[in-house]
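In the working numbering, the protein residues as written are 272 to 372. All remarks here apply to the structure that follows.
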């Protein structure tokens, strides 16, 4: 359970956890055990999906932005190039004394 301030553990507990983790990562046998356990957990598609969704929420990406990116990737490169050319045309012409209004 996360505390109201947003942190799951106290600073002292976090320090102890970090020290334990560093000790585990120094030992090759422990690293191997951790890697195998991680692979076993990540084999479940539901776990991968939860991680993906959590990362998206943490990144602050809005649904609209994700939709826009998906559409952009699905669009042909020639159409994307034409869109960018039309979008940037006023900026390119403004350097030559063109009026943006």
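Idealized CB from N, CA, C, for every residue including glycine.
Check: Whole alpha helix (DSSP H) elements within the region 314-364, 4-residue minimum; Outcome: 316-330 and 334-345
Check: Chain D contact for residue 336 (CB, 7 Å cutoff); Outcome: The structure shown has no chain D; it contains just one protein chain.
Check: Spatial distance of residue 327 from residue 321 (CA atoms); Outcome: 10 Å
Check: Rounded C-alpha distance that separates residue 372 from residue 355; Outcome: Low per-residue confidence applies at residue 372: pLDDT is 49, beneath 50, and the placement is therefore not dependable enough to give any value.
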